[in-house]
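Going down the list, the sequences are from chains A and B.
Letter 179 of the first sequence, counting from 1, is numbered 179 in the working numbering, and no numbers are missing.
Letter 91 of the second sequence, counting from 1, is numbered 1091 in the working numbering, and no numbers are missing.
Protein chains: 2
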Amino acid sequence: MPGVLELLPLEQVAFDGMVAMIRREFERFGYLPIATPTMELTEVLLGKTGGDTERQIYLVQSSGAADAGEDPDLALRFDLTVPLARYVAEHEHRLSFPFRRYQIQPVFRGERPQKGRYREFLQCDVDVIDRGELSIRYDAEIPAVINAVFDALGFGEFVIRINNRRLLTGLLRSLGIGAQVEALRELDKLDKRGDEAVVASLISSGVSTGSARALVEMVGGGVRTGDAAMSLLDEFRLDNDLLRQGVAETKEVLGLVGEWGVPASRFGLDLAIARGLDYYTGTVYETTLMSHPELGSICSGGRYDDLAGQYTKSKLPGVGISIGFSRLFWQLESAQLLPSAHNSVAVLVGLLDDDGLEESLRIAAELRRAGVNTQSTVVADKIGSQLKYADRNAIDLYVVAGPVERERNEVLLRNLRTKSQETVPRPHLVAAVKAVS
Amino acid sequence: MPGVLELLPLEQVAFDGMVAMIRREFERFGYLPIATPTMELTEVLLGKTGGDTERQIYLVQSSGAADAGEDPDLALRFDLTVPLARYVAEHEHRLSFPFRRYQIQPVFRGERPQKGRYREFLQCDVDVIDRGELSIRYDAEIPAVINAVFDALGFGEFVIRINNRRLLTGLLRSLGIGAQVEALRELDKLDKRGDEAVVASLISSGVSTGSARALVEMVGGGVRTGDAAMSLLDEFRLDNDLLRQGVAETKEVLGLVGEWGVPASRFGLDLAIARGLDYYTGTVYETTLMSHPELGSICSGGRYDDLAGQYTKSKLPGVGISIGFSRLFWQLESAQLLPSAHNSVAVLVGLLDDDGLEESLRIAAELRRAGVNTQSTVVADKIGSQLKYADRNAIDLYVVAGPVERERNEVLLRNLRTKSQETVPRPHLVAAVKAVS
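Right, dumping it as structure tokens:
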């Protein structure tokens, strides 16, 4: 079926291992898991958004209801934010705020499938939500989570680009640019289309030539880390409140991220990050791999003023990020950035003759009790075939007690990685395996 | 939304922890993960089954396609077996056989919601598939996996009930009972409805009074472990090939399960297990909790002759089991069999004054680097409120460096479980936390 990522088992081992790392880092920062139903009421999903998204949702109906001519009242979630909003509104009085939640579940988009665009993909989100007010200090926690995740995943050096929508909008106001949404959308394309193209687009959307050039010059130049970021912020002429507030917030966030343990080289200010079509109101984030900028942002998010305005009267501001992991996995695989296949099975216990079955099963049971992932062979075969099976499946260790070894109370232990083998006294087997696995 | 299990965060921590245990045990036996798309082509899902299931599937269609008047060509999977069949057929030449796979994903049933019956629930499956023939010895591996899983989950003692469809059908033949499907379906109700009701139903479906009574007497009596099982099997008059083969298979399986490390008290023969409506052909399994038989089978499965006959010419016999985990979790929670709520957060780092923010963040970062799940407080508040938050959220440890502690280079460490607290020299903090968490 096109438009979905279906993996072979060893690829799935790698995929699941990375998702487990992401989950572990989310938990390390105290985020709690939630899981919402795959289907939400159609009215919940359509309430939040309009236009494009409406055409992209998957409507669901039981075959019985379809036969009865009823209209579909369920649909598959297209992100994890709308379900979070519904969840927080529904369970508000049983949750503790500030509420740090993570959610790792597939989302669905009814778009035409194309390379790296999936109809179903796994999304990994964290958000902090509070009631009433959410301190700007949380905006500095989010880069620490991003840093921990991508440090653990080990795809190479990366940089977290931070900006602020208030700052950007204040800047547009300062330059007398009225068409703000269009301008933000154009800015988002700066790294792909280049300065001149964006200036031209801005002008054709009604911005004066001078303002267009000034804007592109001001926000261009990529990411600035450390003192360079602070000096850049000091250069602004703070001629409106929005710009003043945006600059102050950005300074506070940039000043605090380091205290969370993020190395200075891994975060900075990038005034061209706009996340134009999203509902962010303050801080925004994008993250790029230093050696693979062409992959675009591998983790994005930001601050929003009110999560669930249409479901509850409480004001619920939040800040969070999202990793579209299926796409990222596919990109990394295509760029050959993934480590080589590794099996979750550590040991294959072989079987050379039927008389050895009980001993073979006992060996495997002992290894499992010692915490070693062990696959049993239950049909006797030649050692060559069994080694070939282990090799083809990237299983590193092969253990067998043939008639000779059983006679001597020994076991043969072969390491397929180092292509070495040894004979081990039967009572030492578990220790010998644990020493090399 | 009715018919789905949506948990509060700490319930989700418990749920996810148990799923992680199941996954770990599956991997311990060398099963490899696969994940198939939530949606399959409707023709794939409807190909396999007919009747009841057809009315229970959820049809899916993008909102764009619905507007265009197209027919839905996608549907949500209703089990993990049909997707496994499609997966194995599709990737057959890139898989290694015997193929041990596990799969932990939600499945969907478009039925009217009722207590403990979900429209979406998490299913945890393992199967071994081979090409051509699959040795009966694998039928003895499956109880070992069940044993490891429920041993790890710790819901109390359990027994794995093993039977064989060939044996049962041979028995029906032996007694001259023709209406086999109906008879198997009735036998499945033996523990719920009792002997007399089942005898009456059998008679009304055309079985002679003598045969009905003989059958119920033969298969009744519950589970028999160890030698009692073997003696029972020796009593049968082997007057047809099916019965002969069924008895031989059952003896081989029962004789081998112990070698896999399963205690003798935890598995046995129960001739009343029929799994009447399923497609099993040989060994069948059910598992019940000793102290909660009213929960019914918490893990069921069996052997089938051909997994994917409609998708490939290869004959792919298999054996496996399935745990309907959402329902089990709900049952255990209702029966108050779940351990008390436990937070994945080990430490809450408090904040009493704004001047302490940097030190507080540094403490948290150190704890995280040491592998401790740590939640930061970023807005200063009274110690009482912060302790109340930790208590309400089942966080065991609270750490804070107020002005006095910072002056003395110390940290206050409070254990909310033991209601004790101590002052720890700042450099010893990580060791002190690790000693009690």
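Don't be surprised by glycine CBs; every beta carbon is placed ideally from N, CA and C.
Note that the coordinates shown come from a computational prediction; the quantities given were computed from them, not determined experimentally.
Query	Result
Under the three-state DSSP convention, the category isoleucine 1177 of chain B falls into	coil
Those runs of the alpha helix (DSSP H) which lie wholly inside the segment 8 to 39 of chain A and span at least 4 residues	9 to 28
Cutoff 8 Å: arginine 1061 of chain B Cβ touching any chain A Cβ	According to the sequence provided, residue 1061 of chain B is glutamine. The question's arginine does not apply to it. Yes - at least one Cβ of chain A is within 8 Å of the one on glutamine 1061 of chain B.
For phenylalanine 325 of chain A, the three-state DSSP class (helix, strand or coil)	helix
Distance CB(proline 1033 of chain B)-CB(valine 13 of chain A) smaller than 8 Å	yes
Helix, strand or coil at valine 4 of chain A [DSSP, three-state]	coil
Cβ of glycine 1050 of chain B within 8 Å of any chain A Cβ	Reliability fails at glycine 1050 of chain B, whose pLDDT of 48 lies under 50, so the model's placement of it is uncertain and the value that follows must be treated cautiously. Not one chain A Cβ lies under 8 Å of glycine 1050 of chain B.
Neighbour flag for arginine 1100 of chain B against chain A, beta carbons, 8 Å	yes
Proximity winner among B/Phe1155, B/Tyr1102, B/Arg1028, B/Asp1355, relative to threonine 1288 of chain B (alpha-carbon distances)	B/Phe1155
Beta-carbon contacts of threonine 1038 of chain B that lie in its chain and below 7 Å, excluding the five residues immediately before and after	Leu1076, Arg1077
Sub-8 Å separation of aspartate 1125 of chain B and leucine 1095 of chain B beta-carbons	no
Residues near valine 424 of chain A by beta carbon distance below 7 Å, same chain, minus five either side	Glu410, Val411, Leu413, Ala432
Simplified DSSP state of alanine 1144 of chain B, which is helix, strand or coil	helix
Test item: CB-CB of glycine 1318 of chain B and isoleucine 1142 of chain B under 8 Å	no
Contacting residues, own chain, Cβ-Cβ under 6 Å from valine 1262 of chain B (five flanking each side not counted)	Pro1143, Ala1144, Asn1147
Whole beta strand (DSSP E) elements within the segment 1358 to 1413 of chain B, 3-residue minimum	1374 to 1376, 1397 to 1400
Residues bridged to glycine 301 of chain A [DSSP beta-bridge criterion]	A/Tyr285, A/Ile321
Beta-carbon proximity of lysine 1434 of chain B to valine 1379 of chain B, cut-off 8 Å	no
Chain C contact residues for isoleucine 1034 of chain B, given Cβ-Cβ distances below 9 Å	Note that chain C does not occur in the displayed structure, where the protein chains are A and B.
Among B/Gly1064, B/Glu1090, B/Glu1025, the one whose alpha carbon lies nearest that of glutamate 1040 of chain B	B/Glu1090
Boundaries of the alpha helix (DSSP H) in which tyrosine 1087 of chain B is found, first to last residue	1081 to 1091
For arginine 131 of chain A and phenylalanine 97 of chain A, believed in contact at Cβ under 8 Å, the rounded distance	5 Å
9 Å Cβ cut-off: residues of chain B touching methionine 39 of chain A	Met1001, Val1004, Tyr1058, Leu1076, Phe1108, Arg1119, Glu1120
Best match in B/Ser1174, B/Gly1064, B/Ser1334 for proximity to asparagine 1240 of chain B [C-alpha to C-alpha]	B/Ser1174
Nearest-angstrom Cα separation, counted from methionine 230 of chain A out to tyrosine 280 of chain A	23 Å
Proximity below 8 Å, CB of leucine 1243 of chain B to CB of leucine 1171 of chain B	yes
Arginine 100 of chain A (DSSP reduced to helix, strand or coil)	strand
9 Å Cβ cut-off: residues of chain A touching arginine 1414 of chain B	What arginine 1414 of chain B touches in chain A: nothing, since even the nearest Cβ is about 17 Å away.
Cα-Cα separation, aspartate 354 of chain A to proline 403 of chain A	10 Å
Arginine 368 of chain A to valine 349 of chain A span [Cα, whole Å]	11 Å
8 Å contact criterion, which glutamate 259 of chain A and arginine 1362 of chain B should meet: CB distance rounded	7 Å
Any chain B beta carbon closer than 8 Å to glycine 154 of chain A	no
Amino acids of chain A, ordered along the chain, whose beta-carbon sits closer than 8 Å to that of alanine 1066 of chain B	Leu59, Pro72
Amino acids of chain B, ordered along the chain, whose beta-carbon sits closer than 7 Å to that of alanine 365 of chain A	Trp1260, Gly1261
Neighbour flag for glutamine 1375 of chain B against chain A, beta carbons, 8 Å	yes
Burial state of methionine 1290 of chain B (16 or more Cβ within 10 Å)	exposed
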